[in-house]
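Residue numbers (my numbering): 1429 to 1884.
Where a beta carbon is used, it is the ideal one built from N, C-alpha and C, also for glycine.
Below is one structure; the comments refer to it alone.
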Amino acid sequence: MPSADNEGKAAPHRDALLSFGLESTHLQALHALLSELSVTAAATRLGRTQPTLSKSLRRLRRHFGDPLLERGGNSYRLTAFGERLRPLVAAAVTAVDRTFAAETTFSPETSTRTFTIVSSDHGIVTAGAELLRRVRGPAPGVGLRFQPVSAELLEHEDKYLRTVDGVLLPHGYLSLASFADVHTDRWVCVVSADNKSVGDELTRQDLERLPWIATFADRAGRPPAWRQLELLGITPRVVAVADSFLVVPRLVRGTDTIGVVPGRVAAAQDGDGIRVLEFPFEMVSLTEAFWWHPMHDADPGHRWLRGVLGAVDFDMVASAAIFDLFAGLITTPPSAAAQNGPLLDVTTLEPYGVIGAIAPFNWPPIHTAGKLAPALAVGNAVVLKPPEQAPLSVLRLIELIELIELIELIELIEGSFLTTWSTSYRAATRSAQRSPRTRSSGRSPSPAPRPRGCPC
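This is how it looks when you write it as structure tokens:
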């Protein structure tokens, strides 16, 4: 009961007490000491004096009955108990920080929140970079922190997911969390381009006899494609282990080994000393998903992040559908005839020549595909200006087009539109004259008029 002298007075300020009589300052000190392995470095990190941290260390040592830090040569190292304690302390500090950083509302324009996402290297390459691009525009103060996948995530899924905002990982690894699919891919095999023991198509015998490069050190980390091989009675003979899908194509180069990687990883290095081959049977698809603990379901900031992630792959899927549509129209006869009484009306479609296209900053891949696909389908060349505010996805689309040798028909303008238009126009005009549609018709191309203004 408060005394009469203190009634009506504010209680003196002090940190909230934790269990066992320790204060929150002790938790912060413990985290810094176990991370920095030095009283001096921990004091600098927390902005405190060294005597203050030394006092906290003595108090923590008495509480745990363990020195926590012990000298090893000219430096300190953690005791065995300190090693066990470090991940627990890190999780506790994260939980406290997240508790007091929680918001009842979320405004992307003004928020300074940092989202922590655990991701495989494949997830960062295929979704992380696009996520960062989409976040930077509407939410300039929001930060993203990417952490690598650890064994602790796979072994203690529920507990680990409470300490982060989410995980970018394919289906087949996690099972207890909420999730939203981000994009799909396929599993493919990669072998060295000079591996003469492998033909143009893989066989089951190839998969059984070739030495494999794996991307996991323990069975819990096996990708779904690997598990499918085992279910089919194929036990790959592992001769090397790499913790990254990105390095597998480089490791197989110049060797007799084989590896399995996502199709998007393989496409980026196809032809660079490797061959990309399909499995001889249908494989389970690779679906990259964003996983989170259900405790985040109602978090307004987290809902915003999930919405941004949900749109990451939509651009490319929609762009591919546009190209598929106009690719099918290429086979449509380029002319039509109709009887009009005694007259025969003939309509002949010919390429315009050079088309100028300016992609807007909103949904740039979709709008770019909508301009490129119909123009290329009828044999035009295109002068393309990506949006200055969001050029990267358009540049990536052009890189993919380059893989199918259509790049001769596209001239890309990077930077000022007016200063480079004339040079790009001349180059595109030359490309139009080499158009495959023009060559097959046996006719000389019509003179390509200068695009008027900004026609697209």
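Is the Cβ of residue i closer than 8 Å to any Cβ of chain D?
{"i": "SER1821", "result": "No chain D is present in this structure, which holds just one protein chain."}
Go through its chain and collect everything with a Cβ distance to residue i's Cβ below 8 Å, but skip five positions before and after it.
{"i": "VAL1669", "result": "ILE1641, ALA1642, THR1643, PHE1644, ALA1645"}
{"i": "GLY1571", "result": "THR1540, ARG1541, THR1542, PHE1543"}
{"i": "ALA1765", "result": "LEU1772, ASP1773, VAL1774, THR1775"}
{"i": "GLU1710", "result": "none"}
{"i": "SER1503", "result": "LEU1465, SER1466"}
For residue i and residue j, what's the separation of their Cα atoms in angstroms?
{"i": "ALA1818", "j": "GLY1565", "result": "9 Å"}
{"i": "ALA1605", "j": "ARG1614", "result": "23 Å"}
{"i": "LEU1660", "j": "GLN1697", "result": "28 Å"}
{"i": "LEU1820", "j": "ILE1826", "result": "10 Å"}
{"i": "PRO1815", "j": "LEU1733", "result": "24 Å"}
{"i": "SER1452", "j": "ARG1473", "result": "16 Å"}
{"i": "ASP1554", "j": "PRO1576", "result": "According to the sequence displayed, residue 1554 carries Thr and not Asp. Their backbone Cα atoms lie some 15 Å apart in a straight line."}
{"i": "VAL1675", "j": "TYR1601", "result": "21 Å"}
{"i": "GLY1551", "j": "ALA1523", "result": "25 Å"}
{"i": "PHE1528", "j": "ASN1790", "result": "35 Å"}
{"i": "ALA1518", "j": "LEU1635", "result": "43 Å"}
{"i": "ARG1898", "j": "ALA1557", "result": "Because the chain is modelled from 1429 through 1884, residue 1898 falls outside the range shown and cannot be assessed."}
{"i": "LEU1679", "j": "VAL1667", "result": "11 Å"}
{"i": "LEU1597", "j": "GLY1510", "result": "30 Å"}
{"i": "GLU1836", "j": "PRO1802", "result": "16 Å"}
{"i": "GLY1738", "j": "GLY1594", "result": "13 Å"}
{"i": "HIS1730", "j": "HIS1724", "result": "6 Å"}
{"i": "ARG1590", "j": "LEU1506", "result": "26 Å"}
{"i": "PRO1792", "j": "LEU1804", "result": "18 Å"}
{"i": "PRO1779", "j": "VAL1745", "result": "27 Å"}
{"i": "GLU1583", "j": "SER1672", "result": "20 Å"}
{"i": "GLY1500", "j": "ARG1637", "result": "48 Å"}
{"i": "ASP1628", "j": "GLY1699", "result": "14 Å"}
Spatial neighbours of residue i within its chain, please: CB distance less than 6 Å, with the 5 preceding and 5 following residues excluded, ordered by chain position.
{"i": "PRO1708", "result": "LEU1630, THR1631, ARG1632"}
{"i": "ASP1609", "result": "THR1715, ALA1717"}
{"i": "ALA1607", "result": "The residue asked about is misnamed: residue 1607 is Phe in this sequence, not Ala. The residues are ALA1717, TRP1719."}
{"i": "TYR1588", "result": "GLU1580, LEU1581"}
{"i": "ALA1567", "result": "PRO1536"}
{"i": "ARG1785", "result": "Position check: residue 1785 holds Ala in this sequence, whereas Arg was assumed. The residues are LYS1799, VAL1810, LEU1812, CYS1884."}
{"i": "GLU1663", "result": "Reading the sequence as shown, one finds Thr at residue 1663 and not Glu. If we look at THR1663 and ignore the five residues flanking it on each side, it has no Cβ neighbours."}
Look at the Cβ atom of residue i, then the Cβ atom of residue j, and state whether they are nearer than 8 Å.
{"i": "ALA1797", "j": "ILE1702", "result": "no"}
{"i": "HIS1454", "j": "ARG1476", "result": "no"}
{"i": "LEU1828", "j": "ALA1787", "result": "no"}
{"i": "ALA1469", "j": "ALA1457", "result": "no"}
{"i": "VAL1616", "j": "ILE1686", "result": "no"}
{"i": "VAL1736", "j": "LEU1559", "result": "yes"}
{"i": "THR1538", "j": "GLY1569", "result": "yes"}
{"i": "TRP1654", "j": "VAL1626", "result": "no"}
{"i": "LEU1465", "j": "LEU1497", "result": "yes"}
{"i": "HIS1611", "j": "VAL1740", "result": "yes"}
{"i": "VAL1704", "j": "PRO1652", "result": "no"}
{"i": "VAL1521", "j": "HIS1459", "result": "yes"}
{"i": "PRO1728", "j": "ASP1684", "result": "no"}
Run the CB neighbour count on residue i, radius 10 Å, all protein chains shown included, and call it buried at 16 or more, exposed below.
{"i": "PHE1751", "result": "buried"}
{"i": "VAL1592", "result": "buried"}
{"i": "ILE1758", "result": "exposed"}
{"i": "GLN1656", "result": "buried"}
{"i": "ASN1623", "result": "buried"}
{"i": "ASP1743", "result": "buried"}
{"i": "LEU1516", "result": "exposed"}
{"i": "LEU1753", "result": "exposed"}
{"i": "SER1548", "result": "buried"}
{"i": "HIS1491", "result": "exposed"}
{"i": "LEU1481", "result": "buried"}
{"i": "ALA1508", "result": "exposed"}
{"i": "ILE1838", "result": "buried"}
{"i": "PRO1677", "result": "buried"}
List the endpoints of the continuous beta strand (DSSP E) containing residue i.
{"i": "TRP1719", "result": "1714-1720"}
{"i": "GLU1839", "result": "1838-1840"}
{"i": "ALA1608", "result": "1606-1613"}
{"i": "ASP1743", "result": "Run containing ASP1743: none in the beta strand (DSSP E); it sits in the alpha helix (DSSP H), 1742-1757."}
{"i": "THR1542", "result": "1542-1547"}
{"i": "GLN1575", "result": "1571-1576"}
{"i": "ARG1637", "result": "First-last for ARG1637: 1632-1637, but that is the alpha helix (DSSP H), not the beta strand (DSSP E)."}
How is the alpha helix (DSSP H) around residue i delimited, first residue to last?
{"i": "ALA1695", "result": "1691-1695"}
{"i": "VAL1676", "result": "1676-1680"}
{"i": "GLN1478", "result": "1478-1492"}
{"i": "THR1468", "result": "1467-1474"}
{"i": "VAL1806", "result": "Unbroken run through VAL1806: none, as it is neither H nor E."}
{"i": "SER1539", "result": "Careful: SER1539 lies outside any alpha helix (DSSP H) and carries neither H nor E."}
{"i": "TYR1588", "result": "1585-1589"}
{"i": "ARG1935", "result": "The requested residue 1935 is not part of the displayed model; the chain covers only 1429 to 1884."}
{"i": "SER1463", "result": "1452-1464"}
Excluding the 5 residues flanking residue i on each side, which residues of the same chain have their C-beta closer than 7 Å to its C-beta?
{"i": "LEU1513", "result": "LEU1462"}
{"i": "VAL1563", "result": "VAL1570, LEU1572, VAL1736"}
{"i": "ARG1665", "result": "PRO1639, TRP1640"}
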